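Position in the sequence shown (first residue = 1) + 2 = our numbering. Ideal Cβ placement from N, Cα and C applies to all residues, glycine included. Everything numeric in this text was worked out from a predicted model, so none of it was measured. Take a look at the structure set out below.
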Amino acid sequence: MAKSIQSIRGMHDVLPDDSHRWQAFEEIIRQVMASYGYSEIRTPIVESTDLFCRSIGEVTDIVEKEMYTFEDRNGDMLTLRPEGTASCVRAGIEHGFLHNQIRRLWYMGPMFRHERPQKGRYRQFHQLGVEAYGVADPDIDAELILMSSRIWRLAGLKELRLELNTLGSSESRAKYRQVLVDFLQSHRDQLDRDSLKRLETNPLRILDSKNPDMQKLINDAPDLHDYLDEESAEQFNLLKSYLDAAGITYTVNPRLVRGLDYYCKTVFEWVTDKLGAQGTVCAGGRYDGLVEQLGGKASPAAGFALGIERLLALMEESEASPENNAPDIYLVLQGDGSISQGLQLAENLRDQLSALKIQTHCGGGSFKNQIKKADKSGASLALILGEDEIANNTVTIKYLRNNQDQQTVSQDAVADFLQTL
Ligand code: ATP
Ligand code: MG
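And the structure:
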């Protein structure tokens, strides 16, 4: 036998017994997005490499070591998208829908990063991204946070905590950057290799280090909030007041800086202790400079990205289980003419009762075997179309989950009968 081929390391199939959990989550998302007036945008999975270098920043984990970049047959450098914000902005500039207007957008789909695969960290993973353009005030930051909080509620999740920070304007960050560099320079001996490199290129990112040996030094570092500009401080207070009024609890974490270069002012993360080291389920913030940085007319912007695998893992952990994939009805077909009549009956029922999930038995087999399959499908009813039923234009309803006696009804009346159940 030939050797079988496996999926790529860190890239997983969503198996048929699991897809209903994805669908249930996606359903929640469509509902929430519509209820806040956000529109879906679908962008290509492959973009030119430049787009990510210019937006995410050359000195980030993603651009330095995680991107799937390749040369195509024309010699163009392309990259499988590692995140969705850059594509959104690229599309907005290209189609001119970001300038001088408010745009509320969302997208959902696969992202690619060449990281070391582990629980909650994959090479192909999925994100929901939500982006709002054209609003400089922190009311939109509050809206985004309220929206994420509604998603947790609808998904039955109670354990996510909100961490909040402000990074200030680019001027106040520059001031703080110098103070931070001076401090870190005087503790050079305690910096790991990555941090030594970042000290020259992107010192703020050192605060985002995951290395436990660095945590003490990070805790002793100067506080960014002592260097905040007045406008950022005011906006941060406003945002906090909106969240307080809405009953959203949060912790202000002055060390929260986020991995990507393009953030300013508000940053936030929703975290849990239940997923080990990969505890950040959702992360976002304001990125007012990005549209201009990518060649558009300046536009304020804010958004968040949610890791769907981590969210589903948390739902499983918390036993917040959505509806499963089981059909409501399994149609058992036995005898001459039962297949053509049965296929038609199932179509009629789907026309009349659109919410009903019907699985029609296919592939023949004995009556006993079909009933066994009906039971295994998880359906609560079997509809039986056998020789007697065909002769009399009836259907027999067999209850699979309780001892109720079976009943026979005319085919014309079966939709009404099912409706009453
Ligand atoms: P981390 O610090 O865990 O590497 P990040 O800062 O790189 O996260 P973002 O770029 O902000 O992550 O992406 C937003 C969310 O997407 C994360 O909070 C997480 O839930 C999810 N995510 C990011 N990378 C992965 C991955 N490799 N596998 C699964 N989910 C991921
Ligand atoms: Mg990362």
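DSSP three-state assignment for residue i, whether helix, strand or coil
| i | result |
| --- | --- |
| residue 227 | helix |
| residue 374 | helix |
| residue 104 | coil |
| residue 285 | strand |
| residue 129 | strand |
| residue 452 | Since the first residue of the chain shown is 3 and the last is 423, residue 452 is not available in this structure. |
| residue 347 | helix |
| residue 316 | helix |
| residue 123 | strand |
| residue 368 | coil |
| residue 411 | strand |
| residue 67 | helix |
| residue 111 | strand |
| residue 421 | helix |
| residue 94 | helix |
| residue 385 | strand |
| residue 416 | helix |
| residue 360 | strand |
| residue 3 | coil |
| residue 335 | strand |
| residue 292 | helix |
| residue 399 | strand |
| residue 80 | strand |
| residue 134 | strand |
Closer than 8 Å to chain D by CB, residue i
| i | result |
| --- | --- |
| residue 336 | Of the chains in the structure shown, none is chain D; there is only one protein chain. |
Proximal residues to residue i (C-beta, below 7 Å), its chain only, five neighbours per side dropped
| i | result |
| --- | --- |
| residue 392 | 337, 339, 340, 343 |
| residue 74 | 80 |
| residue 276 | 161, 316, 319 |
| residue 103 | 136 |
| residue 30 | 153, 156, 157 |
| residue 205 | 179, 182, 183, 186 |
| residue 193 | 186, 201 |
| residue 306 | 132, 146, 150, 284, 285, 286 |
| residue 356 | none |
| residue 9 | 15 |
Whole-angstrom distance between residue j and residue i, CA atom to CA atom
| i | j | result |
| --- | --- | --- |
| residue 352 | residue 332 | 13 Å |
| residue 397 | residue 18 | 30 Å |
| residue 171 | residue 236 | 12 Å |
| residue 66 | residue 98 | 31 Å |
| residue 56 | residue 96 | 16 Å |
| residue 131 | residue 395 | 52 Å |
| residue 279 | residue 265 | 23 Å |
| residue 312 | residue 299 | 35 Å |
| residue 180 | residue 140 | 27 Å |
| residue 100 | residue 262 | 21 Å |
| residue 49 | residue 115 | 14 Å |
| residue 250 | residue 37 | 19 Å |
| residue 6 | residue 308 | 34 Å |
| residue 163 | residue 385 | 48 Å |
| residue 88 | residue 327 | 35 Å |
| residue 25 | residue 220 | 41 Å |
| residue 109 | residue 33 | 13 Å |
| residue 349 | residue 416 | 13 Å |
| residue 426 | residue 122 | Because the chain here runs from 3 to 423, residue 426 falls outside it and cannot be looked at. |
| residue 112 | residue 51 | 17 Å |
| residue 367 | residue 375 | 10 Å |
| residue 403 | residue 61 | 59 Å |
| residue 296 | residue 86 | 14 Å |
| residue 46 | residue 83 | 8 Å |
| residue 203 | residue 232 | 27 Å |
| residue 373 | residue 365 | 13 Å |
Contacting residues, own chain, Cβ-Cβ under 8 Å from residue i (five flanking each side not counted)
| i | result |
| --- | --- |
| residue 318 | 23 |
| residue 293 | 91, 94, 95, 100, 135, 299, 300, 301, 303 |
| residue 144 | 241, 244, 245, 248 |
| residue 274 | 161, 162, 163, 281, 283, 316 |
| residue 78 | 50 |
Beta-carbon contacts of residue i that lie in its chain and below 6 Å, excluding the five residues immediately before and after
| i | result |
| --- | --- |
| residue 124 | 12 |
| residue 419 | 411 |
| residue 359 | 329, 330 |
| residue 208 | 197, 200 |
| residue 271 | 165, 282, 285 |
| residue 186 | 201 |
| residue 226 | 178, 256 |
So within the stretch 146–207, which uninterrupted beta strand (DSSP E) runs reach at least 3 residues, ignoring any that extend past its ends? You should have 163–168.
If we require 3 or more residues per run, which beta strand (DSSP E) segments fall completely within the stretch 219–280? Counting whole runs of 3 or more residues, the stretch 219–280 contains the beta strand (DSSP E) stretches 266–273.
Scan the stretch 14–73 and note each continuous alpha helix (DSSP H) run of 4 residues or more that stays entirely inside, going in chain order. Complete alpha helix (DSSP H) runs here, min 4: 21–37, 51–58.
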